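Peer 1:
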Ligand code: NAP
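Residue numbers (this note's numbering): 43 to 320.
(1) Consult DSSP for residue 296 and reduce its assignment to one of helix, strand or coil.
(2) DSSP state of residue 129, grouped into three classes?
(3) For a test of your reading of the model: does the CB of residue 245 fall under 8 angstroms from any non-hydrogen atom of ligand 1? Yes or no.
(4) Going by alpha carbons, who is nearest to residue 133 out of 246, 61 and 160?
(5) Please look up how many angstroms separate the CB atoms of residue 285 and residue 157, rounded, as I've assumed it's under 8 angstroms.
(6) Excluding sequence positions up to five away, which residues of its chain have a Cβ less than 7 angstroms from the Cβ of residue 109?
(7) Let me know if residue 95 comes out buried or exposed under the rule of 16 or more other beta-carbons within 10 Å of its beta-carbon.
(8) Quick check: the Cα distance between residue 87 and residue 292, rounded to an integer number of angstroms?
(9) What runs of the beta strand (DSSP E), each 3 residues or longer, lie entirely inside the segment 46-80?
(10) Have a look at residue 240 and residue 81 and give me their C-alpha separation to the nearest angstrom.
(11) Please return the same chain residues whose Cβ sits closer than 7 angstroms to the Cβ of residue 299, not counting the five positions on each side in sequence.
(12) If we require 3 or more residues per run, which beta strand (DSSP E) segments fall completely within the segment 112-198?
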């Protein structure tokens, strides 16, 4: 790419029409007066390898990766960050100046940044964390919590075997609870995180019993449609500090934007406002 070429970035997945990333990156490009474009691309699995190989010759400096390619792209990268390798998935690809493709996963970073900005008193070492769910997002959250110093991470998932697999992966700081025991796992938890799709618009209701919730617990939900989910409302009513999931989406995007366009974007109220516009 020549020096005066406008850098291109984007997001690859399938389907892609629902992705909020083009709006976010487009807003930041405009806000900071940067030359660049961010493009959503619907790429089928069969075309993934070709697309990833071809994009730099078209002027792409990197792409975000979403469902269903987050795992497959690891096998296409020349280098993989430790955190992406630990999580087993990547969401941020960068074409480096030496032509090599680097894969990273910024979901855990986004999760922690969101918690820290939404609940500045949050202490990862304050006590056990409960993670509801054991899918792709849960992996990033668990890796981030363990990395931040949480000594015990409880996992409760509808399909217990997926929780057990995460214990085998992350080790004996993980305690697995049956899904019907999720309410018991809430007791004594200093941090509670919903990584399931329960409570999301159009999905099943969130019904985990929260009677055991301590008012000192910090409660966060990865679901951000609606912004205040049933979990967050019930936790707020119980006196807990709550943090919504929109900030995670915004914070996970900042490392890629900075690498591709050269400016670290700010996640502030204005960014949230823009993203909440229909
Ligand atoms: P995923 O890999 O498909 O995992 C989905 C999880 O939800 C699994 O643990 C699944 O349990 C559970 N689940 C689904 N339906 C359920 C039901 N009816 N009852 C109980 N559990 C149910 O998806 P993911 O990528 O981890 O994403 C999970 C959620 O996080 C989505 O809502 C996604 O939009 C959100 N997310 C938000 C951000 C953000 O930036 N805020 C980032 C990533 C993801 P089983 O294992 O039993 O199927």
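Ideal placement from N, C-alpha and C gives every residue a C-beta, glycine not left out. Here the structure is a predicted model, which means the values were calculated and not measured.
Peer 2: Per the coordinate set shown:
(1) Residue state for residue 296 is assigned as helix, using DSSP reduced to three classes.
(2) The three-state reading of DSSP puts residue 129 in helix, counting H, G and I together.
(3) Yes, the beta carbon of residue 245 sits closer than 8 angstroms to at least one heavy atom of ligand 1.
(4) Answer by Cα proximity: 61.
(5) The C-beta distance from residue 285 to residue 157 rounds to 6 angstroms, short enough to meet the 8 angstroms contact threshold.
(6) Cβ neighbours of residue 109 beyond the five flanking positions: 55.
(7) Counting other Cβ atoms within 10 Å of its Cβ, residue 95 stays below 16 and is therefore classed as exposed.
(8) As the crow flies, the alpha-carbon of residue 87 is around 26 angstroms from that of residue 292.
(9) Counting only runs of 3 or more, we get 50-55.
(10) Residue 240 and residue 81 have their C-alpha atoms some 30 angstroms from each other.
(11) Cβ neighbours of residue 299 beyond the five flanking positions: 67, 70 and 307.
(12) For the segment 112-198, whole beta strand (DSSP E) runs of length 3 or above, ordered along the chain, are 134-137, 143-146, 171-174 and 195-198.
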